[in-house]
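Visitor: Before we start, here is the structure in question, set down as structure tokens.
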């Protein structure tokens, strides 16, 4: 029997690589969707391509979408990335790295592709712990999007229910890494740093690097990412 | 006092031109958002630019987004456009011109721009009568998106409520044209045809042309659009 199809949002980071492994382990044929949205670094797209190849996905689509046209975020505009913050400081308020409506946009595009593919399962690597400050990483946001998907689509009108899978939602970074290692994810293929050096080495100091290094340390495993000396 | 800002989805068609006039008449400073999503005809984008100029909008953003990458619709892929259908036939089932999750995608992007602009009002020209077959033109879809917008954004978390304005929702095409004429819309600037000739003349026979011509006829006014002989 053919495996059910699923659209998996794949950024090239540690979280979405783990989600891709979980979708595949769950019996889905993964179709990976990566957005080229004016990230500071093409490094992320390269990582997504390496991961898609390593996981032998059914198809990998890299869709350009210029979120810089709107302005308004550290990840797409030219404002400084915070450094050396404690996890407590990271979880206060809404981070400057918040991109307006980003997950709504990404899920909407994933929904369109799902409908064309006849897929009803969407996987996204959002996490409510490490990214507590992001409005669109909360369970209530995901529930609202799932409800919207059923109303927004031909498939929904015909009685199909969409399911937004967020398997990392309540995991710590250490939990995520443990799960990925169990599933054989090669984290050397992933990139997390918000502010890498010109040759692509991770900075160790942005929120993403701090969380990632702590997550590997908690598992007693060396992070295979390449860090600046 | 500065007028409140609003993002208005502007396709270059008759409906969205009317919505732009309604938003302006309602006291909003309109920011017009047009998507270049692989429509068959650049004619629509040109019409949107003419309308934005005629209405002297605060800003007009034309955002490329390649929905063709997903496949799956008469408006973006190479499948025939239906012709000479009665309004009854048009309202049966979901039209082949349905673009998967299109309004979800468009509203998501409008939401991102709204948040950056500090706007909380989005205008969209959906209509539940002429386009009864489109799942994402229904009031329940709009209500679900409005709910999602409050959960998805920093502004929503901070207590701001978004409002999705769909002033054409329950109007007939004749009502829409009457309202636009009252507000001084120059419908010669708009384009509606799904299947224009190479030099941009409307076909008279696709669903959009049929509805438009009937709407003008019901008002006893000549449609100023240029039609094929």
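Protein chains in written order, with the working numbering: chain V, 12 to 240; chain S, 12 to 240. Where a beta carbon is used, it is the ideal one built from N, C-alpha and C, also for glycine.
Note down, in chain order, each residue of its chain lying with its Cβ closer than 8 Å to the Cβ of residue 200/S, except the 5 sequence neighbours on either side.
Guide: If we look at residue 200/S and ignore the five residues flanking it on each side, its Cβ neighbours are 28, 58, 61, 62 and 65.
Visitor: Which of the three DSSP states, helix, strand or coil, is assigned to residue 75/S?
Guide: DSSP places residue 75/S in strand when its eight states are reduced to three.
Visitor: Determine the chain V residues that contact residue 119/S at a beta-carbon separation under 7 Å, and present them in chain order.
Guide: By Cβ distance, chain V contributes 112, 115, 116 and 119.
Visitor: Could you tell me the alpha carbon to alpha carbon distance between residue 33/S and residue 73/S, rounded to whole angstroms?
Guide: So the two alpha carbons sit approximately 21 Å from each other.
Visitor: Roughly how many angstroms separate the alpha carbons of residue 167/V and residue 18/V, rounded to a whole number?
Guide: Going from the Cα of residue 167/V to the Cα of residue 18/V covers about 16 Å.
Visitor: Anything in chain S within Cβ reach of residue 135/V, meaning under 7 Å, just list it in chain order.
Guide: Simply none; closest approach about 13 Å.
Visitor: What's the call for residue 208/S, buried or exposed, on a 16-neighbour Cβ count within 10 Å?
Guide: Exposed.
Visitor: Pick out the complete alpha helix (DSSP H) segments inside the segment 17-57 of chain S, 4 residues or longer, and give them in chain order.
Guide: Counting only runs of 4 or more, we get 25-36.
Visitor: Of all the options 131/S, 153/S and 177/S, which has the alpha carbon lying nearest to the alpha carbon of residue 169/S?
Guide: Measuring from the Cα of residue 169/S, the nearest candidate turns out to be 131/S.
Visitor: Cβ closer than 8 Å: which chain S residues qualify as neighbours of residue 127/V?
Guide: 81, 82, 83 and 111, listed in chain order.
Visitor: Take the Cβ of residue 97/V as the centre, count every other Cβ of all protein chains shown within 10 Å, and call the residue buried at 16 or more, exposed below.
Guide: Exposed, since its Cβ has fewer than 16 Cβ neighbours within 10 Å.
Visitor: So, helix, strand or coil for residue 223/V, using DSSP?
Guide: If DSSP states are grouped into helix, strand and coil, residue 223/V belongs with the helices.
Visitor: So what's residue 133/S in DSSP terms, helix, strand or just coil?
Guide: Reduced to three states, the DSSP call for residue 133/S is strand.
Visitor: For chain S, is any of its Cβ atoms less than 8 Å away from the one on residue 164/V?
Guide: For residue 164/V, the answer is yes, since a Cβ of chain S falls inside 8 Å of its Cβ.
Visitor: Per DSSP, what kind of secondary structure is residue 172/S in: helix, strand or coil?
Guide: It is coil, neither helix nor strand.
Visitor: Taking just the CA atoms, how far does residue 26/V sit from residue 182/V?
Guide: If I take the Cα positions, the gap works out to 10 Å.
Visitor: What residues from chain S crowd round residue 176/V, counting only those whose CB sits closer than 8 Å?
Guide: The contacting residues do not exist; residue 176/V stays about 18 Å from chain S at best.
Visitor: Go through its chain and collect everything with a Cβ distance to residue 126/S's Cβ below 7 Å, but skip five positions before and after it.
Guide: 164, 165 and 166.
Visitor: Opposite residue 213/S in the DSSP bridges: which residues?
Guide: DSSP output for residue 213/S lists 238/S as bridge partner(s).
Visitor: Return the bridge partner residues of residue 96/V from the DSSP annotation.
Guide: Residue 96/V pairs with nothing; no bridge assigned.
Visitor: So which residues on chain S does residue 158/V lean against when the C-beta distance must stay under 9 Å?
Guide: Near residue 158/V (Cβ distances below 9 Å), the residues of chain S are 155, 158 and 159.
Visitor: Along the chain, where does the alpha helix (DSSP H) containing residue 151/V start, and where does it finish?
Guide: From DSSP, the alpha helix (DSSP H) with residue 151/V extends over 150-163.
Visitor: In this structure, how does DSSP classify residue 60/S when only helix, strand and coil are distinguished?
Guide: Reduced to three states, the DSSP call for residue 60/S is helix.
Visitor: For residue 185/V versus residue 205/V, is the C-beta spacing smaller than 8 Å?
Guide: Taking 8 Å as the Cβ cut-off, residue 185/V and residue 205/V do not qualify as a contacting pair.
Visitor: Could you please tell me which residues of the segment 52-80 of chain V, in chain order, have their CB closer than 8 Å to any CB of chain S?
Guide: Residues passing the 8 Å Cβ filter: 72, 74, 75, 76, 77, 78 and 80.
Visitor: Given residue 224/S, which residues of its chain have a CB within under 8 Å of its CB, disregarding the five upstream and five downstream residues?
Guide: Answer for residue 224/S: 215 and 234, listed in chain order.
Visitor: To which residues does DSSP link residue 70/S through a beta bridge?
Guide: DSSP output for residue 70/S lists 42/S as bridge partner(s).
Visitor: If I follow the unbroken alpha helix (DSSP H) through residue 127/S, where does it start and stop?
Guide: Residue 127/S -> alpha helix (DSSP H) spans 113-128.
Visitor: Among 157/V, 42/V, 48/V and 70/V, which residue has its Cα nearest to the Cα of residue 80/V?
Guide: The residue with the shortest Cα to Cα distance from residue 80/V is 48/V.
Visitor: Just the chain S side, please: which residues come within less than 7 Å of residue 147/V by C-beta, in chain order?
Guide: The contacting residues are 163.
Visitor: For residue 43/V and chain S, any beta-carbon pair shorter than 8 Å?
Guide: No, its Cβ sits nowhere closer than 8 Å to a Cβ of chain S.
Visitor: Can you tell me which of the three DSSP states residue 198/V falls into?
Guide: Helix, per DSSP.
Visitor: Report the neighbours of residue 152/V on chain S: residues whose CB is nearer than 8 Å to its CB, in chain order.
Guide: Ordered by position in chain S, the residues that pass the 8 Å Cβ test against residue 152/V are 159, 162 and 163.
Visitor: Please list the terminal residues of the continuous alpha helix (DSSP H) segment that includes residue 192/S.
Guide: Residue 192/S -> alpha helix (DSSP H) spans 184-193.
Visitor: How big is the Cα-Cα spacing for residue 46/S and residue 39/V?
Guide: Rounded to whole angstroms, residue 46/S to residue 39/V spans 33 Å at the Cα level.
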